[in-house]
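Scroll down for the structure; my scribbles are underneath it.
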(Lines of atoms letter the chains of each structure in order from A and count residues from 1; the text may use other names and numbers.)
(Lines give C-alpha, C1' and ligand atoms only; values in the text may rest on other atoms or scores of the structure.)
Protein backbone atom coordinates (compact mmCIF):
# COMPACT_ATOMS: atom_id res chain seq x y z
CA UNK A 1 0.00 0.00 0.00
CA UNK A 2 1.45 3.35 -1.05
CA UNK A 3 1.58 6.16 1.50
CA UNK A 4 0.85 9.79 0.66
CA UNK A 5 1.23 12.90 2.79
CA UNK A 6 -0.92 15.93 1.96
CA UNK A 7 -0.36 19.40 3.39
CA UNK A 8 -3.48 21.53 3.12
CA UNK A 9 -5.63 18.41 3.30
CA UNK A 10 -8.52 20.34 4.87
CA UNK A 11 -8.80 22.63 1.84
CA UNK A 12 -10.72 22.20 -1.39
CA UNK A 13 -7.93 20.44 -3.31
CA UNK A 14 -6.68 18.48 -0.30
CA UNK A 15 -10.07 16.92 0.39
CA UNK A 16 -10.62 15.90 -3.24
CA UNK A 17 -7.08 14.54 -3.49
CA UNK A 18 -7.57 12.49 -0.32
CA UNK A 19 -10.73 10.96 -1.82
CA UNK A 20 -8.93 10.15 -5.06
CA UNK A 21 -5.94 8.53 -3.36
CA UNK A 22 -8.13 6.49 -1.01
CA UNK A 23 -10.05 5.21 -4.04
CA UNK A 24 -6.71 4.08 -5.50
CA UNK A 25 -5.81 2.11 -2.37
CA UNK A 26 -3.40 4.57 -0.74
CA UNK A 27 -2.83 5.09 2.95
CA UNK A 28 -3.32 8.85 3.24
CA UNK A 29 -1.80 11.11 5.87
CA UNK A 30 -2.78 14.74 6.19
CA UNK A 31 -1.18 17.59 8.08
CA UNK A 32 -3.56 19.95 9.87
CA UNK A 33 -3.06 22.98 12.09
CA UNK A 34 -4.11 22.82 15.72
CA UNK A 35 -7.19 24.93 16.43
CA UNK A 36 -9.72 25.20 19.25
CA UNK A 37 -12.51 24.27 16.82
CA UNK A 38 -12.73 21.46 14.29
CA UNK A 39 -11.52 22.55 10.86
CA UNK A 40 -11.88 19.22 9.06
CA UNK A 41 -15.42 19.60 7.69
CA UNK A 42 -14.37 18.80 4.10
CA UNK A 43 -13.03 15.44 5.32
CA UNK A 44 -15.91 14.37 7.57
CA UNK A 45 -17.32 11.92 5.02
CA UNK A 46 -14.02 10.00 4.62
CA UNK A 47 -12.46 10.26 8.07
CA UNK A 48 -12.96 7.44 10.60
CA UNK A 49 -11.86 7.71 14.21
CA UNK A 50 -9.12 5.08 14.75
CA UNK A 51 -10.86 4.27 18.06
CA UNK A 52 -14.27 4.01 16.43
CA UNK A 53 -16.60 1.22 15.35
CA UNK A 54 -14.17 -1.11 13.69
CA UNK A 55 -14.02 0.61 10.29
CA UNK A 56 -10.80 0.03 8.40
CA UNK A 57 -8.80 3.25 8.69
CA UNK A 58 -6.64 4.49 5.81
CA UNK A 59 -6.76 8.25 6.53
CA UNK A 60 -4.67 9.69 9.35
CA UNK A 61 -4.35 13.31 10.46
CA UNK A 62 -1.28 14.84 12.10
CA UNK A 63 -0.84 18.21 13.76
CA UNK A 64 1.79 20.36 12.13
CA UNK A 65 2.52 23.78 10.69
CA UNK A 66 4.40 25.02 7.64
CA UNK A 67 6.32 27.46 9.83
CA UNK A 68 7.73 24.69 12.08
CA UNK A 69 10.74 22.98 10.46
CA UNK A 70 11.30 20.40 13.21
CA UNK A 71 7.68 19.24 13.12
CA UNK A 72 7.77 18.85 9.33
CA UNK A 73 10.96 16.80 9.56
CA UNK A 74 9.45 14.55 12.26
CA UNK A 75 6.25 13.96 10.29
CA UNK A 76 8.06 13.07 7.06
CA UNK A 77 10.67 10.90 8.80
CA UNK A 78 8.06 8.97 10.84
CA UNK A 79 5.50 8.46 8.07
CA UNK A 80 8.06 7.88 5.30
CA UNK A 81 5.55 8.64 2.53
CA UNK A 82 6.01 7.56 -1.06
CA UNK A 83 4.40 10.78 -2.29
CA UNK A 84 4.10 14.25 -0.77
CA UNK A 85 1.54 16.70 -2.11
CA UNK A 86 2.29 20.19 -0.83
CA UNK A 87 -1.00 22.08 -1.15
CA UNK A 88 -0.89 24.11 2.06
CA UNK A 89 -0.53 27.90 1.75
CA UNK A 90 -1.98 31.29 2.52
CA UNK A 91 -3.79 31.10 -0.80
CA UNK A 92 -6.02 34.19 -1.00
CA UNK A 93 -4.48 36.68 -3.42
CA UNK A 94 -6.25 39.79 -2.11
CA UNK A 95 -5.41 38.90 1.49
CA UNK A 96 -1.74 38.55 0.56
CA UNK A 97 -1.57 42.31 0.04
CA UNK A 98 -2.74 42.80 3.63
CA UNK A 99 -0.46 40.06 5.03
CA UNK A 100 2.60 39.96 2.76
CA UNK A 101 5.07 38.82 5.42
CA UNK A 102 2.86 35.98 6.63
CA UNK A 103 2.15 34.95 3.01
CA UNK A 104 5.88 34.83 2.25
CA UNK A 105 6.59 32.81 5.39
CA UNK A 106 3.89 30.19 4.84
CA UNK A 107 3.53 30.06 1.06
CA UNK A 108 7.17 30.62 0.16
CA UNK A 109 9.38 29.50 3.03
CA UNK A 110 6.98 26.67 3.94
CA UNK A 111 8.03 25.01 0.70
CA UNK A 112 11.76 25.10 1.40
CA UNK A 113 11.10 23.72 4.90
CA UNK A 114 9.39 20.67 3.38
CA UNK A 115 12.05 20.20 0.72
CA UNK A 116 14.75 20.41 3.39
CA UNK A 117 12.87 17.86 5.48
CA UNK A 118 12.84 15.48 2.51
CA UNK A 119 16.55 16.02 1.94
CA UNK A 120 17.60 15.70 5.57
CA UNK A 121 15.38 12.72 6.36
CA UNK A 122 16.63 10.70 3.41
CA UNK A 123 13.03 9.67 2.64
CA UNK A 124 12.69 8.83 -1.06
CA UNK A 125 9.40 10.61 -1.54
CA UNK A 126 8.10 12.07 -4.77
CA UNK A 127 7.14 15.72 -4.24
CA UNK A 128 4.32 17.76 -5.79
CA UNK A 129 4.44 21.56 -5.51
CA UNK A 130 1.14 23.41 -5.93
CA UNK A 131 2.25 26.24 -8.18
CA UNK A 132 -0.20 28.83 -9.45
CA UNK A 133 -1.20 30.58 -12.65
CA UNK A 134 -0.98 33.82 -10.63
CA UNK A 135 2.79 33.56 -11.17
CA UNK A 136 2.20 34.59 -14.80
CA UNK A 137 0.58 37.83 -13.64
CA UNK A 138 0.90 40.37 -16.43
CA UNK A 139 2.28 37.95 -19.03
CA UNK A 140 0.49 37.90 -22.38
CA UNK A 141 -2.01 35.01 -22.76
CA UNK A 142 -2.16 32.17 -23.46
CA UNK A 143 0.40 31.05 -20.89
CA UNK A 144 2.32 27.77 -20.95
CA UNK A 145 5.43 26.26 -19.38
CA UNK A 146 7.71 28.54 -21.45
CA UNK A 147 5.92 31.81 -20.64
CA UNK A 148 8.02 34.26 -18.56
CA UNK A 149 6.58 34.89 -15.09
CA UNK A 150 5.40 38.39 -14.12
CA UNK A 151 3.94 38.07 -10.57
CA UNK A 152 1.69 40.92 -9.46
CA UNK A 153 0.92 40.06 -5.82
CA UNK A 154 2.75 38.93 -2.68
CA UNK A 155 1.00 35.57 -3.10
CA UNK A 156 2.28 35.17 -6.67
CA UNK A 157 5.80 36.19 -5.66
CA UNK A 158 5.80 33.65 -2.81
CA UNK A 159 4.57 30.94 -5.17
CA UNK A 160 7.30 31.85 -7.64
CA UNK A 161 9.94 31.44 -4.93
CA UNK A 162 8.49 28.00 -4.16
CA UNK A 163 8.43 27.11 -7.87
CA UNK A 164 12.14 27.83 -8.35
CA UNK A 165 13.10 26.09 -5.10
CA UNK A 166 11.27 22.97 -6.31
CA UNK A 167 13.21 23.00 -9.56
CA UNK A 168 16.45 23.68 -7.66
CA UNK A 169 15.98 20.68 -5.35
CA UNK A 170 15.07 18.51 -8.33
CA UNK A 171 18.22 19.47 -10.18
CA UNK A 172 20.55 19.82 -7.21
CA UNK A 173 19.54 16.85 -5.05
CA UNK A 174 17.86 14.52 -7.58
CA UNK A 175 14.53 14.68 -5.73
CA UNK A 176 11.55 13.64 -7.85
CA UNK A 177 9.91 17.07 -7.60
CA UNK A 178 7.30 18.57 -9.92
CA UNK A 179 5.45 21.88 -10.25
CA UNK A 180 1.79 21.75 -11.15
CA UNK A 181 1.00 25.23 -12.49
CA UNK A 182 -2.74 25.04 -12.03
CA UNK A 183 -5.06 27.70 -13.35
CA UNK A 184 -8.18 28.62 -11.37
CA UNK A 185 -10.13 25.55 -10.33
CA UNK A 186 -13.38 25.72 -8.41
CA UNK A 187 -16.03 23.52 -6.80
CA UNK A 188 -18.70 23.58 -4.09
CA UNK A 189 -15.84 23.15 -1.61
CA UNK A 190 -14.15 26.37 -2.66
CA UNK A 191 -13.58 28.74 0.27
CA UNK A 192 -16.51 31.08 0.85
CA UNK A 193 -14.40 34.25 0.35
CA UNK A 194 -13.18 33.32 -3.15
CA UNK A 195 -15.14 35.15 -5.82
CA UNK A 196 -16.72 32.13 -7.54
CA UNK A 197 -18.06 30.62 -4.33
CA UNK A 198 -19.03 34.05 -3.08
CA UNK A 199 -21.23 34.40 -6.15
CA UNK A 200 -22.90 30.97 -5.97
CA UNK A 201 -23.52 31.30 -2.22
CA UNK A 202 -25.12 34.67 -2.87
CA UNK A 203 -27.40 33.20 -5.54
CA UNK A 204 -28.69 30.65 -3.03
CA UNK A 205 -29.04 33.20 -0.22
CA UNK A 206 -30.90 35.65 -2.47
CA UNK A 207 -33.23 32.87 -3.63
CA UNK A 208 -33.90 32.05 0.02
CA UNK A 209 -34.56 35.68 0.92
CA UNK A 210 -31.56 35.78 3.25
CA UNK A 211 -29.45 38.30 1.29
CA UNK A 212 -30.26 41.42 -0.71
CA UNK A 213 -26.98 42.43 -2.36
CA UNK A 214 -23.67 40.88 -3.38
CA UNK A 215 -20.60 43.13 -3.09
CA UNK A 216 -17.71 42.52 -5.49
CA UNK A 217 -14.64 44.28 -6.89
CA UNK A 218 -13.24 44.11 -10.44
CA UNK A 219 -15.73 42.39 -12.75
CA UNK A 220 -13.55 42.50 -15.87
CA UNK A 221 -10.78 40.07 -14.84
CA UNK A 222 -10.63 37.06 -17.17
CA UNK A 223 -9.79 33.65 -15.74
CA UNK A 224 -9.46 30.08 -16.98
CA UNK A 225 -11.84 28.25 -14.61
CA UNK A 226 -11.97 24.45 -14.27
CA UNK A 227 -13.41 21.83 -11.92
CA UNK A 228 -11.18 20.99 -8.94
CA UNK A 229 -11.67 17.16 -8.85
CA UNK A 230 -10.21 16.95 -12.36
CA UNK A 231 -7.18 18.99 -11.34
CA UNK A 232 -6.25 16.70 -8.45
CA UNK A 233 -6.26 13.83 -10.95
CA UNK A 234 -3.59 15.78 -12.86
CA UNK A 235 -1.53 16.09 -9.65
CA UNK A 236 -1.51 12.33 -9.24
CA UNK A 237 -0.59 11.83 -12.91
CA UNK A 238 2.44 14.13 -12.52
CA UNK A 239 3.84 12.08 -9.63
CA UNK A 240 3.19 8.75 -11.31
CA UNK A 241 5.22 9.11 -14.48
CA UNK A 242 8.78 8.05 -15.19
CA UNK A 243 10.48 11.47 -15.04
CA UNK A 244 9.71 14.62 -13.04
CA UNK A 245 8.65 17.71 -14.98
CA UNK A 246 6.47 20.82 -14.68
CA UNK A 247 3.01 21.13 -16.22
CA UNK A 248 0.40 23.83 -16.86
CA UNK A 249 -3.14 22.61 -16.15
CA UNK A 250 -6.20 24.48 -17.41
CA UNK A 251 -9.18 24.35 -19.75
CA UNK A 252 -7.95 26.66 -22.51
CA UNK A 253 -10.93 29.02 -22.28
CA UNK A 254 -11.24 32.19 -20.20
CA UNK A 255 -14.25 34.14 -18.95
CA UNK A 256 -14.79 37.37 -17.05
CA UNK A 257 -16.40 37.61 -13.65
CA UNK A 258 -19.32 39.30 -15.45
CA UNK A 259 -19.78 36.11 -17.46
CA UNK A 260 -19.69 34.05 -14.27
CA UNK A 261 -22.45 36.28 -12.88
CA UNK A 262 -24.44 35.86 -16.10
CA UNK A 263 -24.27 32.07 -15.85
CA UNK A 264 -24.88 31.77 -12.10
CA UNK A 265 -27.80 34.17 -11.80
CA UNK A 266 -29.22 33.24 -15.21
CA UNK A 267 -29.33 29.58 -14.18
CA UNK A 268 -32.07 30.46 -11.65
CA UNK A 269 -33.68 33.15 -13.87
CA UNK A 270 -32.33 36.18 -12.02
CA UNK A 271 -30.65 39.28 -13.44
CA UNK A 272 -27.41 39.90 -11.53
CA UNK A 273 -27.53 43.62 -12.26
CA UNK A 274 -30.36 43.86 -9.72
CA UNK A 275 -28.24 42.41 -6.92
CA UNK A 276 -24.54 43.16 -7.49
CA UNK A 277 -22.86 46.24 -6.03
CA UNK A 278 -19.21 47.30 -6.40
CA UNK A 279 -17.05 47.79 -3.30
CA UNK A 280 -13.61 49.33 -3.85
CA UNK A 281 -12.18 47.36 -0.92
CA UNK A 282 -12.18 44.25 -3.10
CA UNK A 283 -9.89 45.71 -5.78
CA UNK A 284 -6.23 44.63 -5.71
CA UNK A 285 -3.44 47.24 -5.67
CA UNK A 286 -2.10 45.52 -8.81
CA UNK A 287 -4.53 43.55 -10.95
CA UNK A 288 -4.04 40.47 -13.11
CA UNK A 289 -6.25 41.02 -16.12
CA UNK A 290 -6.13 37.85 -18.22
CA UNK A 291 -5.03 34.29 -17.45
CA UNK A 292 -5.54 31.61 -20.11
CA UNK A 293 -3.91 28.19 -20.01
CA UNK A 294 -2.13 26.49 -22.87
CA UNK A 295 -2.14 22.94 -21.48
CA UNK A 296 -0.97 21.21 -24.67
CA UNK A 297 1.97 19.61 -22.86
CA UNK A 298 -0.32 18.03 -20.25
CA UNK A 299 -2.60 16.68 -22.97
CA UNK A 300 0.36 15.29 -24.87
CA UNK A 301 2.48 13.84 -22.04
CA UNK A 302 -0.04 13.11 -19.26
CA UNK A 303 -3.11 12.36 -21.33
CA UNK A 304 -5.02 14.85 -19.17
CA UNK A 305 -8.08 16.57 -20.63
CA UNK A 306 -10.72 18.72 -18.87
CA UNK A 307 -14.18 17.21 -18.99
CA UNK A 308 -16.16 19.92 -17.17
CA UNK A 309 -16.48 23.22 -19.00
CA UNK A 310 -17.34 26.68 -17.75
CA UNK A 311 -21.14 26.57 -17.86
CA UNK A 312 -21.21 23.09 -16.32
CA UNK A 313 -18.87 24.20 -13.52
CA UNK A 314 -21.10 27.14 -12.61
CA UNK A 315 -24.17 24.91 -12.53
CA UNK A 316 -22.45 22.35 -10.31
CA UNK A 317 -21.63 25.08 -7.82
CA UNK A 318 -25.05 26.74 -7.89
CA UNK A 319 -26.84 23.39 -7.50
CA UNK A 320 -24.71 22.53 -4.47
CA UNK A 321 -25.23 25.88 -2.74
CA UNK A 322 -28.98 25.76 -3.36
CA UNK A 323 -29.17 22.25 -1.93
CA UNK A 324 -26.95 23.23 0.98
CA UNK A 325 -29.25 26.06 1.98
CA UNK A 326 -32.28 23.77 1.73
CA UNK A 327 -33.72 24.86 -1.62
CA UNK A 328 -34.50 22.61 -4.60
CA UNK A 329 -31.86 22.86 -7.34
CA UNK A 330 -32.41 22.70 -11.12
CA UNK A 331 -30.23 19.58 -11.08
CA UNK A 332 -28.05 19.88 -14.20
CA UNK A 333 -24.85 20.31 -12.20
CA UNK A 334 -25.78 17.48 -9.87
CA UNK A 335 -26.34 15.16 -12.82
CA UNK A 336 -22.93 16.04 -14.30
CA UNK A 337 -21.10 15.06 -11.11
CA UNK A 338 -23.03 11.81 -10.68
CA UNK A 339 -22.44 10.74 -14.30
CA UNK A 340 -18.78 11.68 -14.70
CA UNK A 341 -17.24 11.26 -11.25
CA UNK A 342 -19.31 8.58 -9.55
CA UNK A 343 -16.42 6.11 -9.32
CA UNK A 344 -14.56 8.10 -6.65
CA UNK A 345 -16.42 11.35 -6.02
CA UNK A 346 -20.17 11.41 -5.43
CA UNK A 347 -22.60 14.32 -5.38
CA UNK A 348 -23.54 13.77 -1.73
CA UNK A 349 -19.87 14.32 -0.84
CA UNK A 350 -20.15 17.79 -2.36
CA UNK A 351 -22.89 18.83 0.01
CA UNK A 352 -22.59 16.77 3.18
CA UNK A 353 -19.00 17.87 3.73
CA UNK A 354 -19.85 21.57 3.89
CA UNK A 355 -20.99 23.66 6.86
CA UNK A 356 -24.56 24.89 6.95
CA UNK A 357 -24.87 28.65 6.53
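In full-length UniProt numbering, the protein residues as written are 1 to 357.
Here a beta-carbon is modelled for each residue, glycine too, at the ideal position from N, C-alpha and C.
The beta-carbon separation of residue 64 and residue 75, rounded to 5 Å, stays under the 8 Å limit for a contact.
Assignment of residue 46 by DSSP, reduced to helix, strand and coil, places it in the coil class.
DSSP places residue 135 in the helix class (H, G or I) of the three-state scheme.
The alpha helix (DSSP H) runs of length 4 or more contained entirely in the region 119-186 are, from start to end of the chain, 154-173.
Distance check between residue 297 and each of 274, 321, 238 places 238 closest, using alpha-carbon atoms only. If you draw a straight line from the Cα of residue 96 to the Cα of residue 322, it is about 30 Å long. In this chain, the beta strand (DSSP E) harbouring residue 214 covers 214-216.
Rounded to the nearest whole angstrom, the C-alpha separation of residue 116 and residue 206 is 48 Å. Taken through DSSP and simplified to helix, strand or coil, residue 293 comes out as strand. For residue 277, the enclosing beta strand (DSSP E) starts and ends at 276-278. With contacts defined as CB atoms closer than 8 Å, residue 350 and residue 188 qualify as a contacting pair. In the three-state reduction of the DSSP assignment, residue 66 falls in the coil class, being assigned neither a helical nor a strand state. Between the alpha carbons of residue 334 and residue 326 lies a gap of roughly 15 Å.
Around the beta carbon of residue 81, 16 or more other beta carbons sit within 10 angstroms, so the residue counts as buried. Contact between the region 238-255 and the region 274-284 is absent: fewer than 3 CB-CB pairs across the two stretches fall below 8 Å.
When the Cα atoms are used, residue 46 and residue 134 turn out to be separated by approximately 31 Å. When rounded, the separation of the alpha-carbon atoms in residue 62 and residue 27 is 13 Å. The beta carbon of residue 282 sits closer than 8 Å to the beta carbons of 94, 215, 216, 217, 218 from its chain, once the five residues preceding and following it are set aside; these are given in chain order. Judged by beta-carbon spacing, residue 139 lies within the 8 Å limit of residue 147, meaning their Cβ atoms are closer than that value.
Exposure of residue 33 is indicated by the presence of fewer than 16 other C-beta atoms within 10 angstroms of its C-beta. The residue from 68, 67, 17 with its alpha-carbon nearest to that of residue 43 is 17. Comparing alpha-carbon positions, the option among 198, 253, 244, 329 lying closest to residue 225 turns out to be 253.
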